[in-house]
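A.B. asks: Okay, here's the structure, questions in a sec.
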Amino acid sequence: MKFPGTNCDEDVHHVLKNVIGLDSEIVWYKEYVTNRYDAVVVPGGFSYGDWLRAGAIAARNVVMERVAEDVSRGVPVLGICNGFQILVEAGMLPGALILNSSGRFVCRWIRLVVENARGPWLSLARDRIMLDMPIAHAEGRYYIDEETYRRIANVSSIIRYAQGWNPNGSLYDIAGIADEKGLVLGLMPHPERASEPELVPRGFSPGGRIIFDSLAYSLKKGW
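Below is the structure:
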């Protein structure tokens, strides 16, 4: 689903359609209709120019109520980078995403570790699997209060920056998090940029593909 300022929609669409083999389409946010899609991806970019806060304006659009309605029906939703920021701002995932501890935009490849792998987006992942993906954000530092973290830590899927790889000061090294059912997943790294070996620099692997392969498997077999 594309908002004004979204700029990673073509990349996600390419991976879903041409790499994974799913029937994918780019949907303008005003044209989103409930009960039509089997899964939804909110890609990265700078929705509404990141005015107020990254994702804040898009999150308050009525379309996010429609997305939440689809989630209540069991539709998986993935938010990538700005999409993650939108899901958090919309209250569909816990926590907040704030300015990087460096105060700067950060763009590099990093290493991740998956915990409590479950749900349609991580159905093919195993616990503690290591994944490589690139990041590109200025407001990606994850914040969550201690009480909420304790409540979700053992029940939600969490994607953490591996030890020594936290690029932005995120609390508990959190790079991505799912809701308790695993239907809604948000992550700051870009799996669509790590799904083809031709795009992966030496020393890293295409760790993003497992996210989309998991979706394809789940849509076919269930989760």
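Counting from 1 along the sequence shown, just add 1026 to a position and that's the residue number in the numbering used here. Each residue gets a CB set at the ideal place from its N, CA and C atoms; glycine is no exception. From a predicted model like this one, the values you see are computed outputs, not experimental measurements.
1. Out of E1051, R1062 and I1161, which has the shortest C-alpha to C-alpha gap to V1101?
2. Using CA atoms only, rank isn't needed, just tell me which of R1099, M1118 and G1190 is closest to E1090.
3. Run the CB neighbour count on N1108, radius 10 Å, all protein chains shown included, and call it buried at 16 or more, exposed below.
4. Would you list the residues sitting across from E1141 in a DSSP beta bridge?
5. To the nearest angstrom, how far is the alpha carbon of R1219 from that of T1174?
6. Here's the rule: buried if 16 or more other CB atoms are within 10 angstroms of the residue's CB, otherwise exposed. What is Q1189?
7. When the Cα of S1128 is compared with those of F1072, N1192, W1249 and V1038, which residue comes out closest?
8. Would the beta-carbon of L1217 fall within 9 Å of that of M1156?
9. Restricting to Cα atoms, I'd like to know which of V1103, V1066, I1185 and R1130 is closest to R1154.
10. Tell me the rounded alpha-carbon separation between I1170 and R1176.
11. For A1204, does the three-state DSSP call read helix, strand or coil?
12. Taking the DSSP output, what are the residues bridged to G1071?
13. Assuming the contact rule is C-beta atoms closer than 8 Å, S1073 and F1110 should be a hit. Round their C-beta distance to whole Å, please.
14. Between G1145, L1211 and G1166, which lies nearest to G1248 when the distance is taken from Cα to Cα?
15. Would you mind reading off the limits of the beta strand (DSSP E) that contains A1179?
16. Identify the continuous alpha helix (DSSP H) that holds Y1243 and give its terminal residues.
17. Which term fits L1104, buried or exposed, when burial requires 16 or more other beta carbons within 10 angstroms of its beta carbon?
C.D. replies: For this structure:
1. Counting from one through the sequence shown, the residue named residue 1101 turns up at place 75. Of the listed residues, the one whose Cα sits closest to V1101 is R1062.
2. Working through the sequence shown from its first residue, we reach residue 1090 at position 64. Looking at the sequence provided, one finds Met at residue 1090 rather than Glu. Measuring from the Cα of M1090, the nearest candidate turns out to be M1118.
3. Walking along the sequence shown from the start, residue 1108 turns up at place 82. So N1108 ends up on the buried side.
4. The residue you call residue 1141 lines up with position 115 of the sequence shown. Note: E1141 sits in a beta bridge opposite I1184.
5. Residue mapping note: residue 1219 aligns to position 193 of the sequence shown, counting from 1. Residue mapping note: residue 1174 aligns to position 148 of the sequence shown, counting from 1. Computed Cα separation, rounded: 31 Å.
6. Mapped onto the sequence shown, residue 1189 falls at position 163. With fewer than 16 Cβ atoms within 10 Å of its Cβ, Q1189 is classed as exposed.
7. Within the sequence shown, the letter at position 102 stands for residue 1128. Measuring from the Cα of S1128, the nearest candidate turns out to be N1192.
8. In the sequence shown, residue 1217 corresponds to position 191, counting from 1. In the sequence shown, residue 1156 corresponds to position 130, counting from 1. The question names Leu, but residue 1217 in the sequence shown is Pro. Going by C-beta atoms, P1217 is not nearer than 9 Å to M1156.
9. Position 128 of the sequence shown holds residue 1154. Ranking V1103, V1066, I1185 and R1130 by Cα distance to R1154 puts I1185 first.
10. On the sequence shown, position 144 is the one that residue 1170 refers to. On the sequence shown, position 150 is the one that residue 1176 refers to. One C-alpha to the other measures close to 10 Å.
11. Along the sequence shown, read from residue 1 onward, the residue named residue 1204 stands at position 178. Here A1204 sits in strand by DSSP.
12. For this step, residue 1071 is matched to residue 45 along the sequence shown. In DSSP, G1071 forms a bridge with T1032.
13. As a first step, residue 1073 must be located in the sequence shown, where it is residue number 47. As a first step, residue 1110 must be located in the sequence shown, where it is residue number 84. Actually they do not touch by this definition, with Cβ atoms about 12 Å apart.
14. The residue you call residue 1248 lines up with position 222 of the sequence shown. Of the listed residues, the one whose Cα sits closest to G1248 is G1145.
15. Along the sequence shown, read from residue 1 onward, the residue named residue 1179 stands at position 153. Counting along the chain, A1179 falls outside any beta strand (DSSP E), and DSSP gives it neither H nor E.
16. As a first step, residue 1243 is located in the sequence shown; it is residue number 217 there, counting from the start. Unbroken alpha helix (DSSP H) run through Y1243: R1235 to K1247.
17. The residue you call residue 1104 lines up with position 78 of the sequence shown. Counting Cβ neighbours within 10 Å, L1104 comes out buried, since at least 16 surround it.
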